[in-house]
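S.K.: Pasting a structure here, questions to come.
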Amino acid sequence: MLSFLYIHTLAHTFSGYPNPYYIGIRILMETPTESDSFAYEKYDWLTGQHTYVKVINRGIFEQKCMLGMYKINTLHKLAHENIVDRLDIKLTDGFYHIEFEFIQYSLDEYLELNHDKFKLIQQLLKGLIYLHQNKISHNYLQSQNIMVTSRGVLKIINFKKSVKYKNCTNEVYESESLLLKTLKKFPHYFDISSAGYVFLKILFESQFEADIYNLPYFKKSDYPENLAHPLNNIEFRNYLETKNIKDEFIEFFSSIFCRQGYDIPTAENLLQTFEELEINHKSIFK
1 MLSFLYIHTL AHTFSGYPNP YYIGIRILME TPTESDSFAY EKYDWLTGQH
51 TYVKVINRGI FEQKCMLGMY KINTLHKLAH ENIVDRLDIK LTDGFYHIEF
101 EFIQYSLDEY LELNHDKFKL IQQLLKGLIY LHQNKISHNY LQSQNIMVTS
151 RGVLKIINFK KSVKYKNCTN EVYESESLLL KTLKKFPHYF DISSAGYVFL
201 KILFESQFEA DIYNLPYFKK SDYPENLAHP LNNIEFRNYL ETKNIKDEFI
251 EFFSSIFCRQ GYDIPTAENL LQTFEELEIN HKSIFK
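Numbered according to the UniProt record's numbering, the sequence shown terminates at residue 286, and the numbering increases by one at each position without gaps.
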């Protein structure tokens with residue numbers, strides 16, 4: 001386990017005060033040398049600031065992540081209500097200490113509460129629109145990487161596989177060249193495909209939780225290319241009909257999962273379509 005000395009050192013990493021107090025320390029590894037990262041929550045009683053701190057081994061991080069330190073700097077420049085806010089970063093003893101805003105709920109936890117499902121999807125699409133306008137593909141979009149604040153604000157988190165696909169330099173590793181070539185032409189490709197699964201979860205979780213990934217061609221994986229294979233249109237539509245899903249929603253999801261080649265809607269396209277669905281069908285999800 002982490003030594004008391006190391007935890008005590010962490011407790012003073014981000015505070016300018018001599019005696020901050022912290023709550024909810026959540027260790028994800030035993031010692032800093034045995035893994036690439038761990039995390040803890042921090043609460044400063046003097047300022048009232050509650051944050052989340054990720055501690056990452058510098059060497060492992062820069063080897064595994066697509067753009068290394070460039071990725072951290074990219075995240076720091078993002079400023080949108082639906083993107084997690086990175087507050088600070090320090091390099092200490094070979095570890096990056098990255099501090100983020102604290103977000104109360106995972107998507108699963110929030111879905112168990114009273115909530116507006118349409119609002120969640122609209123916020124997710126607005127976050128994606130912002131990323132794609134800034135030439136960034138999140139590239140790791142799944143329900144585990146979406147959280148919600150106590151005020152109901154959706155936040156996209158975990159940018160460890162994100163790619164900024166404009167003006168790429170030698171910082172890009174050779175193994176990522178094919179991915180980047182695809183993203184330069186179709187920057188929203190993987191994110192939209194992955195987002196479709198999240199939309200299904202938010203709107204129809206009870207219908208799909210047990211068997212959605214058993215449908216042919218549905219592949220649950222951390223790699224976006226395995227989330228992006230088009231589905232057979234007739235088979236997919238028949239499947240949705242067995243779940244008693246309205247025709248308008250079948251059209252919406254078919255546009256995501258059953259397109260031809262790279263003919264996939266943008267986040268802007270989906271937001272416009274979804275706002276039209278909200279007008280006619282929002283009441284059935286209350």
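All C-beta atoms in this analysis are idealised placements derived from N, C-alpha and C, irrespective of residue type, glycine included.
Which whole-angstrom value is the C-beta distance of residue 125 and residue 274, which I expect to be below 8 Å?
M.R.: The pair is a contact, with the Cβ atoms about 7 Å apart (cut-off 8 Å).
S.K.: Give the single residue among 114, 99, 98, 97 whose Cα lies nearest to the Cα of residue 105.
M.R.: Residue 114 is the option with its Cα nearest to residue 105.
S.K.: Which partner residues does residue 162 have in the DSSP bridge list?
M.R.: Looking at the DSSP assignment, residue 162 forms no beta bridge with any residue, so it has no partner.
S.K.: Is it the case that the stretch 139–149 contacts the stretch 239–254, given that we only count it when at least three CB pairs across the two stretches are under 8 Å?
M.R.: At 8 Å Cβ cutoff, the stretches do not touch.
S.K.: Tell me which residue opens and which closes the alpha helix (DSSP H) that residue 41 is part of.
M.R.: Per DSSP, residue 41 belongs to no alpha helix (DSSP H); it is in the beta strand (DSSP E), 37–44.
S.K.: Out of 80, 44, 91, 77, point me to the one whose CA is closest to residue 55's CA.
M.R.: Comparing Cα positions, the closest option is 91.
S.K.: How far does the beta strand (DSSP E) with residue 287 in it extend, from its first residue to its last?
M.R.: Because the chain spans 1 through 286 in this model, residue 287 falls outside it and cannot be assessed.
S.K.: Rounding to the nearest angstrom, what Cα-Cα distance links residue 77 and residue 41 in this structure?
M.R.: Whole-angstrom Cα-Cα distance: 23 Å.
S.K.: DSSP three-state call for residue 201: helix, strand or coil?
M.R.: Helix at residue 201.
S.K.: Grab the span of the alpha helix (DSSP H) containing residue 104 for me, first residue to last.
M.R.: Premise fails: residue 104 is in no alpha helix (DSSP H) and is neither H nor E.
S.K.: Whole angstroms is fine: what's the gap from residue 43's alpha carbon to residue 152's?
M.R.: Approximately 21 Å, taken between the alpha carbons.
S.K.: For a test of the three-state rule: what should DSSP assign to residue 247, helix, strand or coil?
M.R.: Reduced to three states, the DSSP call for residue 247 is helix.
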